[in-house]
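The opening position of the sequence shown corresponds to residue 0 in numbering that gives the first Met the number 0, with each subsequent residue numbered one higher. Reading through the structure tokens given below for one structure.
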Amino acid sequence: MKKLLVATGGGDCPGLNAVIRGIVKRASKESDWEVWGSFEALNGLMEEPTRLVRLDGKTVAGIHVKGGTILGTTNKGNPMSYPEKQPDGSVKLVNRIPWVVERLKEKGFDAVVNIGGDGSQAISQAMFEAGMPVVGVPKTIDNDLNSTDFTFGFQTAVQTASESFDRLVTTASSHHRVMIMEVMGRDAGWIALYTAISGGAEICLIPEIPYDLQAVVEKVNARYVDGRGFVNIVIAEGAKPKDGTVTATQGEEGRHAVRLGGVCYALSQQLKDAGVKADIRETVLGHTQRGGTPIAYDRVIASVFGVRAMELVLSGKFGELVVLKNNEYTSVPIKEAISAYNYVDPQGALVQAAKGLGIFFGD
Ligand code: F6P
């Protein structure tokens, strides 16, 4: 029997289980492949004793509708810069990829399917370059991976954000308030942009278009007559004012340098300081965007990605990432996918259409 190892890495995201199920179901049509899962990304493989689990039809039955990942995940302990305790007690970051590949071979694995965002796919590429047959599957609610129309999980995050936004719209108008809703997305404004169009926001602030505070103030004030009016703002966590910086706290060890969050409170204060008199309320959606059952769109795209990943394994096409490109399921070299970040194009059709709808971007 040939052995495939599946791992889910980085932040979780709706659709991970559907990918796992797709891989296992497709593999079960072959007589010579068995599928294993590593708990918490590659940690399950790297630890002694290992924490690996055989995945079969029974293990994955019905899991495509469940949020999270049955394998667990982590965004710590990147094997490319793994924290290793030194004899003198200090901690040094070492590249453990060659060792990981050796261990995979020693445990009898013939291939790996690594499901994850840009960080995890950099690990996939490093394993591939170190001689391991690897296929990648693009995951993240942020939709910031290059080379695919959508990552799975993104549409569910937009749906969650959009439903919350609708609820804020009615309370904004009842109370004549300015409602600011902060969504995730890291350095990309995709979730904010889609939510703004879907929900009919008056203002949408994204990292790709640093906002002019005075222009935002004028837009807000213009919507009030004799103290009556309302404004719904959706702001991406990575948005920042012109000549300003992102709102963030110190990142956790072994992760991004900063942890984004709280920009809706920063904007609220900026508006008050600039003289906006209306009541302002802030909502941070946070991890609700990452949890729960995937919507149908993500179940479909994730299931297809899973099947296609297994088919790449069967045809020996490694170092590739399954993608949906120009509405076609295909694959691209992982190297290409991680070579650039997928930003919202301020001149692109979506932003222009949003402007056509009267959404103001603060520029
Ligand atoms: O990349 C997905 C994401 O949810 C980002 O949108 C967000 O900035 C980050 O992960 C949050 O990470 P954590 O789960 O570690 O707080």
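Ideal Cβ placement from N, Cα and C applies to all residues, glycine included.
Sheet register partners of residue i (DSSP bridge)
| i | result |
| --- | --- |
| GLY274 | The partner list for GLY274 (beta bridge, DSSP) is empty, contrary to what the question assumes. |
| LYS84 | VAL90 |
| THR329 | VAL322 |
| PHE203 | In the sequence on display, residue 203 carries Cys and not Phe. In DSSP, CYS203 forms a bridge with VAL233. |
| VAL136 | ILE114 |
| GLN249 | VAL257 |
| GLU281 | ILE179 |
| GLU217 | None, per the DSSP bridge assignment. |
| ALA406 | Absent from the structure is residue 406, since the part of the chain shown begins at 0 and ends at 362. |
| PRO364 | In this structure the chain extends from 0 to 362, so residue 364 is not present and cannot be described. |
Residue i at chain D interface by Cβ criterion, 9 Å
| i | result |
| --- | --- |
| THR68 | Protein chain content of the structure displayed is limited to a single chain, and chain D is not contained in it. |
Distance cut-off 8 Å: residue i Cβ against heavy atoms of the ligand F6P
| i | result |
| --- | --- |
| MET180 | no |
| ARG258 | yes |
| ASP141 | yes |
| ASN77 | no |
| CYS263 | no |
| GLU236 | yes |
| GLY116 | yes |
| ASN145 | no |
| GLN154 | no |
| GLY291 | no |
| GLY315 | no |
| ASN74 | yes |
| GLY188 | no |
| GLU207 | no |
| GLY10 | yes |
| GLY184 | yes |
| GLU251 | yes |
Nearest neighbour of residue i, chosen from the options [CA to CA]
| i | options | result |
| --- | --- | --- |
| LYS1 | LYS24, TRP35, PRO13, CYS12 | TRP35 |
| GLU162 | ILE208, ILE294, LEU212 | ILE294 |
| LEU70 | LEU54, THR244, VAL133, ARG289 | LEU54 |
| THR72 | GLU47, SER119, THR7, ILE114 | THR7 |
| VAL306 | ASP11, GLU181, LEU349, SER27 | SER27 |
| GLU207 | GLY228, GLU217, GLU236 | GLU236 |
| GLN288 | VAL59, TRP189, VAL177 | TRP189 |
| HIS63 | PRO13, LYS84, GLY116, PRO78 | PRO13 |
| ALA17 | VAL299, ASP344, PHE229 | VAL299 |
| GLU47 | VAL99, SER80, ASP242 | VAL99 |
| HIS174 | THR58, ILE279, VAL233, LEU92 | ILE279 |
| LEU320 | ASN142, SER123, HIS255 | SER123 |
| ALA214 | ILE196, ASP362, ASN341, ASN142 | ASP362 |
| ILE358 | THR147, ALA195, ASP272, ALA110 | ALA195 |
| LYS75 | VAL262, ASP11, GLY66 | ASP11 |
| GLY285 | MET126, MET180, PHE127, ILE205 | MET180 |
| ALA129 | ASP117, ASP141, LYS104 | LYS104 |
Residue i burial status per 10 Å Cβ neighbour count (16 or more: buried)
| i | result |
| --- | --- |
| GLU29 | exposed |
| GLY184 | buried |
| ASN325 | exposed |
| PRO86 | exposed |
| TYR340 | exposed |
| SER302 | buried |
| ASP272 | exposed |
| ALA277 | buried |
Presumed contact (8 Å Cβ cut-off) between residue i and residue j, rounded CB distance
| i | j | result |
| --- | --- | --- |
| LEU311 | SER338 | With a Cβ gap of about 20 Å, LEU311 and SER338 do not count as contacting. |
| CYS203 | PHE38 | Rounded, the Cβ-Cβ distance is 39 Å, inconsistent with contact. |
| LEU44 | ARG102 | 6 Å |
| PHE317 | VAL134 | 6 Å |
| TYR296 | GLN154 | 4 Å |
| GLY261 | THR282 | Contact flag wrong, Cβ pair sits at about 12 Å. |
| VAL275 | VAL216 | 6 Å |
Residue i: CB within 8 Å of a non-hydrogen atom of the ligand ADP
| i | result |
| --- | --- |
| HIS286 | Looking for the ligand ADP in the displayed structure turns up nothing; the ligands present are the ligand F6P. |
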